[in-house]
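So the sequence shown is residues 450 to 778, counted in this note's numbering. The structure appears below as structure tokens.
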Amino acid sequence: MSYLRHYMRQILGSLFLFLGMSHAFVMAQTGPYPNRPIKFIIPFPPGNTTDIMTRLIAPKMQERLGQSIVVENKAGASGIIGMDFVAKSKPDGYTIVASQGGTMVVLPHTNKATTYDPIKDFAPVALSTANYLVVVSSNNVPFKTFPEMLAWAKANPGKLTVATNGEGGFPHLTFEHLAKAGGISFTHIPYKGSAAIVTDLGGGQVMVGIDGISGPAPHIRSGLIKLLAVTNKTKISTWPNTPTVAESIPNWESNGWFSYSAPAGTPKEIINKLNAEINRAMKSPEIVEQLATYGLTVVAESPEYFAQELLKDYNKYGKLVKDIGFTPN
Numbered sequence: 450m451s452y453l454r455h456y457m458r459q460i461l462g463s464l465f466l467f468l469g470m471s472h473a474f475v476m477a478q479t480g481p482y483p484n485r486p487i488k489f490i491i492p493f494p495p496g497n498t499t500d501i502m503t504r505l506i507a508p509k510m511q512e513r514l515g516q517s518i519v520v521e522n523k524a525g526a527s528g529i530i531g532m533d534f535v536a537k538s539k540p541d542g543y544t545i546v547a548s549q550g551g552t553m554v555v556l557p558h559t560n561k562a563t564t565y566d567p568i569k570d571f572a573p574v575a576l577s578t579a580n581y582l583v584v585v586s587s588n589n590v591p592f593k594t595f596p597e598m599l600a601w602a603k604a605n606p607g608k609l610t611v612a613t614n615g616e617g618g619f620p621h622l623t624f625e626h627l628a629k630a631g632g633i634s635f636t637h638i639p640y641k642g643s644a645a646i647v648t649d650l651g652g653g654q655v656m657v658g659i660d661g662i663s664g665p666a667p668h669i670r671s672g673l674i675k676l677l678a679v680t681n682k683t684k685i686s687t688w689p690n691t692p693t694v695a696e697s698i699p700n701w702e703s704n705g706w707f708s709y710s711a712p713a714g715t716p717k718e719i720i721n722k723l724n725a726e727i728n729r730a731m732k733s734p735e736i737v738e739q740l741a742t743y744g745l746t747v748v749a750e751s752p753e754y755f756a757q758e759l760l761k762d763y764n765k766y767g768k769l770v771k772d773i774g775f776t777p778n
């Protein structure tokens, strides 16, 4: 009998120990967020705008959250590899993706290899910055202004050559949108990056290019290429004399954006905390100033606003892809 009591005491002791350890483990996993490092996945190589933006805000977030912000590049397949990794990660707030509009609202419509659904597989965290594209030209073209470019293209259907950073990318579809609204046709010349576009614009091998401002900016200033227009709805303070596309094509605008998303199913309280800390870091005067040099305007909006913009742009580019007859590759 005493043996049985002793045996039962051992069993109960082990059970209580197990329950105590389990409780401690659960508390470690579900305690105040965050209680371990947060990983920010960049689906592009180092030096990409999303990479620069995230590395700028990481130290400020670390100070307030008391945990390390680990920035990890998972590049490949136009951003698909990194996006897919986060989509399949545990929805606990410790794996976040820094993405750009192209990977969220364009790629799913233009690339058959896309493995994620931007609406269903992610929880919007923060729409952080907006950027505009620029329409630039060679100096060896028969037009000097954006309105003159439109007039020349209308008079010479299909002869306007336009360089972008790739078939089916955001700049390509933006110019397709512009051409459709402006009543022109053009010949698309896809390149692998901004440097190659600028080189061929400078040499006169291609007539026009459309790209983010950071790549062309120094070459616009040097006079190698010309800045014809910006895609922003309003004029840009750094280029105050440059017209907007909307001045020639009323009500037209096309802005890109950069954002942060978590895996679908991430708790709302975690989403809200991340949103608050990302936005706080983004609004720091020194961060605003640094991002402006890359042509980025801090937006720092709510998860709900981001969700609305995401769905709106996803549907917009899906319709555009169908309207222009683009075949996903």
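For every residue, glycine included, the Cβ atom is placed at its ideal position computed from N, Cα and C. Small disclaimer: the values here were computed from a predicted structure and weren't measured.
Can you tell me which residues form a DSSP beta bridge with F489? V520, I545
Roughly how many angstroms separate the alpha carbons of F624 and V584, rounded to a whole number?
9 Å
Rounded separation between I727 and F775 - CA only: 36 Å
* DSSP on G618, reduced to helix/strand/coil? -> coil
- Run the CB neighbour count on N560, radius 10 Å, all protein chains shown included, and call it buried at 16 or more, exposed below. buried
K523: which of E696, G515, F489 sits nearest, CA to CA?
Here the closest residue by C-alpha is F489.
Checklist entry - In whole angstroms, what is the alpha-carbon distance linking P596 and G664? => result Each residue's CA atom was taken as its position, placing P596 and G664 some 23 Å apart.
Boundaries (first-last residue) of the alpha helix (DSSP H) holding K509: Element bounds for K509: 498-514.
Q. In three-state terms, what does DSSP make of M476?
A. In this prediction, M476 has a pLDDT of 40, which is less than 50 and means its spatial position is unreliable; what the coordinates show is noted afterwards. In the structure shown, M476 sits in a helix (DSSP, three-state: H, G or I).
- Task: Would you mind working out which of D533, E696, T578 sits nearest N549, comparing C-alpha positions?
- Result: A quick correction: the sequence has Gln, not Asn, at residue 549. Per the Cα distances, T578.
Who pairs with I685 in a beta bridge, going by DSSP? W688
Taking its Cβ as the centre, do 16 or more other Cβ atoms sit within 10 Å of I773, making it buried, or is it exposed?
Exposed, by the Cβ-count rule.
Identify the continuous beta strand (DSSP E) that holds I659 and give its terminal residues. Unbroken beta strand (DSSP E) run through I659: 657-661.
Of the residues Q516, A575, G618, the one placed nearest A526, counting alpha carbons only: Taking only the C-alpha atoms, the option nearest A526 is G618.
| request: List in chain order: all unbroken alpha helix (DSSP H) runs of 4+ residues lying wholly within the region 700-767. | output: Counting only runs of 4 or more, we get 717-731, 734-741.
Can you round the beta-carbon distance between N724 and V574 to whole angstroms, since I take them to be within the 8 Å contact cut? 6 Å
| So what does F571 bridge to, in DSSP terms? | P712.
_Other residues of its chain near D570: CB distance less than 6 Å, five sequence neighbours each side excluded_ = A536, A713
Open item on the list: Going by DSSP, what residue range makes up the beta strand (DSSP E) through P596?
Closed with: P596 -> not in any beta strand (DSSP E); alpha helix (DSSP H) instead, spanning 595-604.
Alpha-carbon to alpha-carbon, Y565 and P591:
Straight-line Cα distance between these residues: approximately 44 Å.
Handout entry: Same chain, Cβ closer than 8 Å to T636, five either side skipped, listed in chain order
Key = G607, K608, L609, T610, V611
task = For the beta strand (DSSP E) containing A645, list its first residue and its last residue.
result = No beta strand (DSSP E) contains A645, which is instead part of the alpha helix (DSSP H) from 643-652.
**Q.** Residue range of the unbroken alpha helix (DSSP H) whose run includes A536
**A.** 529-536
### Where E693 sits in the DSSP three-state scheme
What sits at residue 693 in the sequence shown is Thr, not Glu. Three-state result, T693: strand.
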